[in-house]
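Below: the structure, in C-alpha cells.
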Amino acid sequence: MRRFTVYDSLTREVRSFAPIAPPRVGMFVCGLTPYAEAHVGHGRFAVVFDVVARALRHWGYRVFYVQNITNLDDKLIARAAEIEEDPLALADRYAQSWRRLMTRLEVSSVNYYPYATDYVPEILAQVRVLIDRGYAYVAEDGSVYYSVARFPEYGKLSGQRVEALRPGARVEVDERKRAPEDFVIWKAATPGEPSWESPWGPGRPGWHIEDTAMTGRLLGPRYDLHGAGLDLIFPHHDSEIALAEAASGEAPFVNYWMHNGLLTMGGEKMSKSIGNVSSLEDAIDRYGPMVLRFYYLNAHYRSPLEFDPPRTLDEAKEAYARLALPADRIAEALDRRAEDAAGADLPDTLADAAEALEETLDATLANDFNSREVIALLFGWTRRMTEDLPRLDAYSSDALEELAGPYRWAEEVLGLFVRRPEGRGGAWANLVPVLLEARARARARGDFAEADRIRDELRGRGIRLEDDASGTRWEFTGPE
RNA sequence: GCCGAGGUGGCAGAAUGGUUAAUGCGUCGGACUGCAGAUCCGAUUCCUGGGGGUUCGAUUCCCUCCCUCGGCUCCA
Numbered sequence: 004m005r006r007f008t009v010y011d012s013l014t015r016e017v018r019s020f021a022p023i024a025p026p027r028v029g030m031f032v033c034g035l036t037p038y039a040e041a042h043v044g045h046g047r048f049a050v051v052f053d054v055v056a057r058a059l060r061h062w063g064y065r066v067f068y069v070q071n072i073t074n075l076d077d078k079l080i081a082r083a084a085e086i087e088e089d090p091l092a093l094a095d096r097y098a099q100s101w102r103r104l105m106t107r108l109e110v111s112s113v114n115y116y117p118y119a120t121d122y123v124p125e126i127l128a129q130v131r132v133l134i135d136r137g138y139a140y141v142a143e144d145g146s147v148y149y150s151v152a153r154f155p156e157y158g159k160l161s162g163q164r165v166e167a168l169r170p171g172a173r174v175e176v177d178e179r180k181r182a183p184e185d186f187v188i189w190k191a192a193t194p195g196e197p198s199w200e201s202p203w204g205p206g207r208p209g210w211h212i213e214d215t216a217m218t219g220r221l222l223g224p225r226y227d228l229h230g231a232g233l234d235l236i237f238p239h240h241d242s243e244i245a246l247a248e249a250a251s252g253e254a255p256f257v258n259y260w261m262h263n264g265l266l267t268m269g270g271e272k273m274s275k276s277i278g279n280v281s282s283l284e285d286a287i288d289r290y291g292p293m294v295l296r297f298y299y300l301n302a303h304y305r306s307p308l309e310f311d312p313p314r315t316l317d318e319a320k321e322a323y324a325r326l327a328l329p330a331d332r333i334a335e336a337l338d339r340r341a342e343d344a345a346g347a348d349l350p351d352t353l354a355d356a357a358e359a360l361e362e363t364l365d366a367t368l369a370n371d372f373n374s375r376e377v378i379a380l381l382f383g384w385t386r387r388m389t390e391d392l393p394r395l396d397a398y399s400s401d402a403l404e405e406l407a408g409p410y411r412w413a414e415e416v417l418g419l420f421v422r423r424p425e426g427r428g429g430a431w432a433n434l435v436p437v438l439l440e441a442r443a444r445a446r447a448r449g450d451f452a453e454a455d456r457i458r459d460e461l462r463g464r465g466i467r468l469e470d471d472a473s474g475t476r477w478e479f480t481g482p483e
C-alpha cells in the first residue's frame, strides 16, 4: 500500500493517511437529492471522488465506496406536487438518470448507491438510541429533534460556535424546537406525503440522520473517509458527527474529512436555487466524457473552479485533444500490429523515462490528490511522444506497451484516455473507408473539386477529415 | 456580525524558504498542405492583492488591511 497524504477539513492540515483496518478503506460521499436534472457542478464531486477511490485501489487499498441518494426531502416533495408525480417515483427517475450519467462519465468506482428510504429501520433504531441516551426529544406533533446543547463539541468541523449562529438567517424558525439550533431527525407526517410508522407516530426521516444510519450499517460506527462539497460542512457534517458519536459512544466518527471546492458560474456557486445551472448531460453530449473529466481534474479539487460556457470547455477540449493525441496514435499502432511481435525495442533512455514517470505520477497524486500537477507531467510525456510519432510503426508491440504506460496509468487512475467504440460513426463507419479511397484517387488525379465534395458530404454527416503526411484520418464529431 | 476558503501572466490554473514561478489555452512568427483542418517548431524573458515583520533570501512563514466566494439549519 502506497502512503499518501490528504487534507483533512477537521484538523485543517494535510495528514498522512492510515486506515482503521488496512488494507480496507470505508469511504462515504454525500450524493444527490434527485429532484431535477444534474448540473455541471454535481459532475465535479463525482469525478473528484471517483479519482480518490481509483487511486486508493491502484495503491493497494481495498475500498468500499458508498454514495448515498437522498430520495426524499422537502424540495423533492414540493417538486413532485408541482408536476403531480409520486415523490419516490420522481426521485427514482432522476436517480437512475444520475446513474446513467455516471456510467457515461466513467465514474466506475462507486460500489453502492443506497436510497435513504431503504434505511428507515436503521434510522428508527438510531432515533430510538438517541432518545434513550438523552440526546433527542419528541415534540408534541410526533417529530423528534436532536438537542444540540447535549453535544458540547457541536460545530467542531466548521469552527462554528452555536451561540454565534443567527437563527432564522435563511430558514424560518421552527416553533416546535426547544432551541433554535436543534435539528429534526424524524419528521411527523404531513397528509398526502410518504410516511412510515414509528413509535412516535407516522413520519419520515430528517436529512442528517439518513447518512449516519446508513453508514452505521454499511461502514460501521467509525470509518475512514467522508467526502462531499464544502457547502455541506455546516450544518450537515457537523450534525452527522453529533449524531453518530452520540449514538455509538465512539469517536472519531470519521478519520478524514475531504471537501471539494465548488464549481462557480458567474463567480457564484452553481446551484438550483440561484438558477445559474448548466446541464451535465448537455455538457457530456457536446464535449464527451473525457473532456469533462479533464476539465474537472485540471484544477486542484479544493480550489473553486469557474465554469464559463462555452469558453472553459472549449479550452479543455483543445488541451485534452493535444494531450491525448499520442495516446490514441500508440493505441492505433498497437491495434495494427496485435499479433506481430517483431519490431524495434525501445531505447533505454525512453524505457527508463516511462518507468520513472509512472512512479512520479503516483507520488504526485499521493500528495493530496494533486491531479493538476499530474496532468502537467502527462503533458511532458505527450511532448516527448510527439517526437516519436513518425517512428511508432517501427517499434515492437512490447515497446509500444512501454510507451503507452503513462497513459495506461492515467486511464486506470484518472479515467482519462478511455476509448469507447460508441460515437465513432455508427453505421457510416463502414462506408467511410470506401469514400476515403475514392477521395484519395480524386486528389491523386488533381480533381480537388470532387475531393472537397466528398469531404463536405462527410462533414454534413458529422465526420471530419484531416489530411496529413501519412494519409487521411477521420473522426466522428457529431452533426454540427 | 460570526465561521471557513481564496486573491498568481491576456485567460485557466499549479508549485516551492533559494538558479530564467510549472502546465495548458490564446496570440504572433515559421514548417507542413492543392485548399481547409490537424500537427510540429519557435516566441509571448516586465505576472504572486496592499502594507509591515522574520530571514542571507519570502509567492511560500508571521501580523495587519483590502477584495472575492462559501456557510450560518434546502444545497455536491
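What the first sequence shows, in this note's numbering, is residues 4 to 483, in sequence order. Using N, Cα and C, we set each Cβ at its ideal position, and we do this for glycine too. Fair warning: this is a prediction, and the values are worked out from it, not measured in the lab.
Using only alpha-carbon positions, find the residue among the options that is nearest to residue i.
i      : options                        : result
Gly162 : Phe237, Arg131, Arg444, Ala84  : Phe237
Gly474 : Arg456, Arg462, Glu440         : Glu440
Leu283 : Ser276, Pro208, Arg296         : Arg296
Ala128 : Glu213, Gly278, Arg476         : Glu213
Ala322 : Gly278, Ala142, Leu381         : Leu381
Leu349 : Ser400, Ala98, Ala379, Leu328  : Ser400
Ile188 : Leu235, Phe154, Ile134, Ala152 : Ile134
Arg107 : Ala94, Ala152, Arg136, Gly46   : Gly46
Ser306 : Phe372, Ile277, Phe31          : Phe372
Thr385 : Ala327, Arg339, Pro117, Leu403 : Ala327
Gln300 : Ile277, Leu266, Leu79          : In the sequence under discussion, the amino acid at residue 300 is Leu, which differs from the Gln named in the question. Among Ile277, Leu266, Leu79, the Cα nearest to that of Leu300 belongs to Leu266.
Leu337 : Glu405, Glu271, Tyr290         : Glu405
Ala407 : Pro205, Glu335, Gly463, Asp450 : Glu335
Tyr290 : Asp317, Lys272, Ile80, Lys275  : Asp317
Arg464 : Pro393, Asp450, Leu434, Ala454 : Leu434
Ser19  : Val257, Thr8, Pro208, Lys275   : Thr8
Ser281 : Asp11, Arg339, Leu79, Ala41    : Ala41
Trp566 : Tyr115, Arg442, Gly418, Ile244 : It is not possible to answer for residue 566, since the shown part of the chain is limited to 4 through 483.
Ala24  : Leu228, Ala92, Pro393, Val123  : Leu228
Thr315 : Gly278, Gly269, Gly346, Glu358 : Gly269
Arg387 : Arg411, Ser374, Leu368, Leu360 : Leu360
Cys33  : Val69, Ala21, Val17            : Val69
Gln99  : Ala347, Asp450, Leu308, Tyr38  : Tyr38
Leu35  : Trp412, Tyr97, Ala254, Pro22   : Tyr97
Ala324 : Asn71, Leu419, Pro312, Leu93   : Leu419
Thr367 : Ser12, Trp412, Gly346          : Trp412
Pro436 : Asp450, Ile466, Arg448         : Ile466
Arg15  : Asn258, Phe186, Val113, Asp185 : Asn258
Quick one: give me the first and last residue of the beta strand (DSSP E) that residue i is part of.
i      : result
Arg476 : 474 to 479
Asp11  : 8 to 11
Could you check how far apart the C-beta atoms of residue i and residue j are, in whole angstroms? I think they sit under 8 Å.
i      : j      : result
Thr193 : Ala119 : Wrong, their Cβ atoms sit about 17 Å apart, outside the cutoff.
Arg57  : Val416 : 5 Å
Pro409 : Leu364 : 7 Å
Ile333 : Leu246 : Ile333 to Leu246, Cβ: 51 Å. No contact.
Tyr226 : Phe479 : Contact doesn't hold; Cβ gap of about 44 Å is too wide.
Arg181 : Ser146 : In fact, because the Cβ distance is near 12 Å, the residues do not count as touching under 8 Å.
Tyr157 : Asp241 : 6 Å
Glu445 : Arg5   : Checking the displayed sequence, the identity of residue 445 turns out to be Ala instead of Glu. So it is not a contact: roughly 56 Å between Cβ atoms.
Ile244 : Leu160 : 6 Å
Glu109 : Val421 : 5 Å
Arg458 : Leu468 : 5 Å
For the alpha helix (DSSP H) holding residue i, just list the boundary residues, first then last.
i      : result
Glu469 : Looking at the DSSP string, Glu469 is not in any alpha helix (DSSP H); the run it does join, the beta strand (DSSP E), is 466 to 471.
Val416 : 400 to 416
Arg448 : Premise fails: Arg448 is in no alpha helix (DSSP H) and is neither H nor E.
Original post:
If you pair each beta-carbon of the region 251 to 265 with each one of the region 58 to 65, do three or more pairs fall below 8 Å?
Top reply: no
Original post:
Where are the alpha helix (DSSP H) runs, 4 residues long or more, that stay fully inside the region 183 to 264, in chain order?
Top reply: 210 to 221, 241 to 251
Original post:
Curious, which full-length beta strand (DSSP E) runs of at least 3 residues does the region 20 to 105 contain?
Top reply: 27 to 32, 65 to 70
Original post:
Is it a yes or a no for the region 241 to 261 touching the region 209 to 220, going by three-plus beta-carbon pairs under 8 Å?
Top reply: Segments in contact, yes.
Original post:
What are the uninterrupted segments assigned as alpha helix (DSSP H) that are 4 or more residues long and contained completely in the region 336 to 394, given in chain order?
Top reply: 351 to 368, 374 to 391
**OP:** May I ask you to verify whether the region 295 to 315 touches the region 350 to 366, counting CB pairs closer than 8 Å and requiring at least 3?
**Re:** no
Original post:
Unbroken alpha helix (DSSP H) runs of length 4 or more, entirely within the region 252 to 332: which are they?
Top reply: Runs found: 283 to 290, 292 to 300.
Original post:
Between the region 47 to 57 and the region 192 to 199, do at least 3 Cβ pairs fall closer than 8 Å?
Top reply: no
Original post:
Taking the runs of the alpha helix (DSSP H) that are 4 residues or longer, which of them lie wholly in the region 116 to 162?
Top reply: 123 to 135
Original post:
Any contact of the region 141 to 154 with the region 222 to 234, i.e. 3+ C-beta pairs under 8 Å?
Top reply: no
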